[in-house]
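Everything in the sequence shown is counted per full-length UniProt numbering, starting at 1 for the first residue and increasing by one.
Note that beta-carbon positions come from the ideal geometry of N, C-alpha and C, so glycine has one too.
What you are looking at is a predicted structure, and each value in this text was computed from that prediction instead of being measured.
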Amino acid sequence: MNKITSAGFQLTGNLKRSDFAIGSKFPPPIIADDVDIKS
1 MNKITSAGFQ
11 LTGNLKRSDF
21 AIGSKFPPPI
31 IADDVDIKS
């Protein structure tokens, strides 16, 4: 519409909290070890 070239992207991924020692004080039933990231 405005004749300017543009680009877009989408980022997805999965992290394990245990790999980074995040939230280790919480038992697994409260917070999952796998965390999905979508941006």
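Per-residue DSSP class, three states only, for residue i
i	result
D36	strand
Nearest-angstrom Cα separation, counted from residue j out to residue i
i	j	result
Q10	D36	14 Å
S6	F20	35 Å
S24	G8	36 Å
N2	K38	29 Å
I30	I4	47 Å
A32	I22	11 Å
Of the listed residues the options, nearest to residue i (C-alpha basis)
i	options	result
L15	I22, M1 and D34	D34
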